[in-house]
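Following: one structure in structure tokens, then a few remarks.
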Amino acid sequence: MSSFLGKWKLSESHNFDAVMSKLGVSWATRQIGNTVTPTVTFTMDGDKMTMLTESTFKNLSCTFKFGEEFDEKTSDGRNVKSVVEKNSESKLTQTQVDPKNTTVIVREVDGDTMKTTVTVGDVTAIRNYKRLS
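For the sequence shown, this note's numbering assigns the number -18 to the initial residue and increments by one for each residue that follows.
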């Protein structure tokens, strides 16, 4: 998992507003979500990974073991059941389930770029991050 470890900054985002809309996020919150450029930091402690997301809007952290369900609060305030699977050393798939939607987030690292593909139903967004450290 060393390919994920460190800090990543959002560099580009495509179709994220449509994903937020599909999730029922309010117009005002979507406007904020479309303008913030979060930093995501991945760390490992034994068999647990922590993902810290920081922005001017909100800071969130979740710690998990691969393949084990955990409770997560999303940046738009939803409470979800989440599972992160390690597909390979450079690919993680996270599934978030709430009463209305299932969101699949695939994170793939290629060098100093992390491509994040977010899918809710028939709507997909791509958010690319650049490695800071």
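Cβ coordinates follow ideal geometry from the N, Cα and C atoms, glycine included. The model shown is predicted, which means the values in this text are computed figures rather than measured ones.
Note to self: Cutting at 6 Å between CB atoms, please list the residues of its own chain near T18, excluding the five before and the five after it.
What the structure shows: Here the set comprises L(-9).
Item checked: Integer Cβ distance of V65 from Q75, believed to fall under 8 Å -> Indeed, because the Cβ distance is near 5 Å, the residues count as touching under 8 Å.
Next item on the list: Return helix, strand or coil for R11, following the three-state DSSP convention.
Entry: helix
Check: Who are the near neighbours of K67 in its chain, counting only those whose CB is closer than 8 Å to its CB and skipping five residues on each side?
Finding: M(-18), F47, G48, L73
Item checked: Integer-rounded CB distance, given that V101 should sit under 8 Å from K3 -> 5 Å
Notebook entry, point to check: For V0, does the three-state DSSP call read helix, strand or coil?
Noted result: helix
Checklist line | Sequence-distant residues of the same chain with beta carbon closer than 6 Å to Q77, five excluded per side | finding: V61, S63, T84
Checklist line | Where T18 sits in the DSSP three-state scheme | finding: DSSP places T18 in the coil class of the three-state scheme, outside both helix and strand.
Next item on the list: On a CA-only basis, which of K29, N(-4), E70, F(-15) is nearest D103? Give me that one, please.
Entry: N(-4)
Check: In terms of residues, what are the limits of the beta strand (DSSP E) holding E66?
Finding: 60 to 69
Item checked: Range of the contiguous beta strand (DSSP E) that encloses S(-6) -> -13 to -5
Note to self: One question on the structure: do F23 and F51 come within less than 8 Å of each other, judged by their Cβ atoms?
What the structure shows: no
Check: Out of F38, F45, K54, L113, which has the shortest C-alpha to C-alpha gap to N15?
Finding: F38
Next item on the list: Could you work out which residue in K(-12), S71, A(-1), T94 is closest to T105 when comparing CA atoms only?
Entry: A(-1)
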